[in-house]
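All remarks here apply to the structure that follows.
Residue numbers (full-length UniProt numbering): 1 to 292.
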């Protein structure tokens, strides 16, 4: 039965029988037979092949989701049994939002590789909602994000505070101004992250707190590009202090410190709800907790 599920999952993810057969080192008729057998056992059609592009039926969506979870639990079970008698090892899929992933995570990975060389991290960087979805789908073992996550299948563990402030270039007119007003902020050009990002969510919350709705905005999908744009004098932004430590030390970026425009939030660890996690996941979880 497990083989049927694995073949079905591969057909869905490879978007076709031919690619699935190639991926599984099987013949296409063999793959087709597995799918027919699974559909017969379930008593329903799982794949709709009447269109040019193969699509899942509603029943197929249910089988795909639960088959992925079942196989994921089995793989975890085998890892856990093996790890009872061995050091932590194997691949560890880690997801992180941009702020943590680009500015904090590299140091933790370096520490883990030094202490546990048999663990092989695979890193995915994305916005908060993307990482949460991949943890929920078991495509990632663990995630580290900022911002709100509402996903019933995920355990959310806040572990560190983050402070966000308005940031401008060293020679921006508002940095030189003795008192910055709400009107100044509303008339300024703002450079923000994309929707779905925890940083964008925090920026919108700050706009509400200060009671502004800037009309001049530019949107980028990378914190690094935003920092460089602000350094070049293109506008203001709202960033975590973790992300601008080097630039503040070099005095290329400055903070515009307004009480209403300061926001505190938490970084959180995301774990899929399971009875147990692999030893590699637990090791990494503990390293994150100790690196505050």
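Where a beta carbon is used, it is the ideal one built from N, C-alpha and C, also for glycine.
For residue 167, the three-state secondary structure derived from DSSP is strand. Boundaries of the beta strand (DSSP E) around residue 122: 119-126. In the three-state reduction of the DSSP assignment, residue 43 falls in the coil class. Looking from the CA of residue 270, the closest CA among 143, 76, 249 and 147 belongs to 143. Take residue 104, set aside five residues on each side of it, and the residues of its chain with a beta-carbon closer than 7 Å to its own are 242, in chain order. From the listed residues 248, 234, 5 and 197, the smallest Cα separation to residue 216 is found for 234.
For residue 288, the enclosing alpha helix (DSSP H) stretches over residues 279-290. A distance below 6 Å between beta-carbons, with the five flanking residues on each side excluded, links residue 62 to no residue of its chain. In this structure, residue 37 and residue 127 do not form a Cβ contact; the two beta carbons are roughly 40 Å apart against a cut-off of 8 Å.
A distance of 7 Å or more separates the beta carbons of residue 236 and residue 160.
Here the C-alpha atom of residue 206 lies approximately 48 Å from the C-alpha atom of residue 23.
Scanning the region 197-258 from its first residue to its last, the whole alpha helix (DSSP H) runs of 4-plus residues come out as 198-210, 223-231 and 245-249.
Judged by DSSP secondary structure, residue 57 falls outside any beta strand (DSSP E); it is assigned neither H nor E.
Closest option to residue 94, judged by alpha-carbon separation, among 27, 20 and 284: 284. Taking a C-beta distance under 7 Å as the contact criterion, residue 267 and residue 141 do not qualify as a contact pair.
Judged by DSSP secondary structure, residue 268 falls within the beta strand (DSSP E) whose first and last residues are 263-272. Per DSSP, the beta-bridge partners of residue 146 are 267.
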